[in-house]
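K.L.:
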Amino acid sequence: MAKKGKKYVEAAKLVDNTKAYPIAEAIELAKKTNFAKFDATVEAAFRLGVDPKKADQQIRGAVVLPNGTGKTQRVLVFAKGEKVKEAEAAGADYVGDAEYINKIQQGWFDFDVIVATPDMMGEVGKLGRVLGPKGLMPNPKTGTVTFDVTRAINEIKAGKVEYRVDKVGNIHVPIGKASFEDQKLVENFNTIFDTLVKVKPSAAKGTYMKNVTVSSTMGPGVKVDPSTVTVK
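By my numbering, the letter at position 181 of the sequence shown is numbered 181, and the numbering carries on one by one without gaps.
What follows is the structure, encoded as structure tokens:
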């Protein structure tokens, strides 16, 4: 195991590993233990009692955080005809079809999210091997394959985050920046927590929220007591 740096060790001393904290306290600690020289991202991690190998227990979707992520997302839209003008008017950073497909094939990745109209997916599908591993492939489940490009762009720019369970049942989601007020981070956390509770697969048995933590980019994880989270 890699040796932990001195700053990390100092920060970790502030956290009691045996304790699950109320969400407000956990957020406060995640910010306090952030020793990065930049405005670190605060992330929530959920270990869920699901079996992702089973199709009916795969969890994937997207949610707009009430206070945004603190990051401006660069949006690339694959569209043609009237939808090109619509995407440009809605504030897409890049809009096009074949030219951008070629650019990506040549290694261009100056964007964060791709939105594609359904009639473009035949072409965009050719990029599956390049975009798939990076988690950039548009998907109807996350609202990024749609003819309503205005809504898709607006939601992404407003702070939409995607969530997807990994092979071992974990989900990692950014909930804002260390510079955010505590309350804004709590509200963002509650929104993602609430969403995950609502999408619980009926086939999932036993404890659903097995382990929940919040942490800053380089800081230690702080355990959250799920019973202290207010869901709508």
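We put the beta carbon where it would ideally sit given N, CA and C, even for glycine.
Since the model is a prediction, treat every value here as computed from it, not as a measurement.
If I measure Cβ to Cβ from ASP97 and keep anything under 8 Å in the same chain, skipping five residues before and after, which residues do I get?
P.N.:
So the qualifying residues of the chain are PHE78, ALA79, LYS80, MET120 and GLU123.
K.L.:
In chain order, what residues of the same chain lie with their CB nearer than 6 Å to the CB of PHE147, ignoring the 5 residues before and after it?
P.N.:
Around PHE147: THR117.
K.L.:
Where do the ends of the alpha helix (DSSP H) carrying ILE27 lie?
P.N.:
Where ILE27 is concerned, the enclosing alpha helix (DSSP H) stretches over 23-32.
K.L.:
Would you tell me roughly how many angstroms separate the C-alpha atoms of VAL64 and LYS37, rounded to the nearest one?
P.N.:
Their backbone Cα atoms lie some 28 Å apart in a straight line.
K.L.:
List the endpoints of the continuous alpha helix (DSSP H) containing LYS198.
P.N.:
Per DSSP, LYS198 belongs to the alpha helix (DSSP H) from 182-198.
K.L.:
What do you get for PHE260, buried or exposed, if any count of 16 or more other CB atoms within 10 angstroms of its CB means buried?
P.N.:
Nothing in the structure corresponds to residue 260, since the chain is present only between 1 and 232.
K.L.:
Is it the case that the Cβ atoms of LEU136 and ILE114 are separated by a distance below 7 Å?
P.N.:
Yes, these two residues count as a Cβ contact at 7 Å.
K.L.:
Indicate whether the contact test is met: 3 or more Cβ pairs, each with one atom in the segment 33-52 and one in the segment 199-214, closer than 8 Å.
P.N.:
Contact between the segment 33-52 and the segment 199-214 is present, because at least three Cβ pairs lie under 8 Å.
K.L.:
Between the Cα of TYR208 and the Cα atoms of LYS4, SER215 and PRO226, which residue gives the shortest distance?
P.N.:
Nearest option by C-alpha distance: PRO226.
K.L.:
If you drop the 5 nearest sequence neighbours on each side, which residues of the same chain put their C-beta closer than 7 Å to that of LEU185?
P.N.:
The residues are ILE27, VAL42, ILE175 and GLY176.
K.L.:
Give me whichever residues DSSP pairs with MET209 in a beta bridge.
P.N.:
MET209 is bridged to LEU48.
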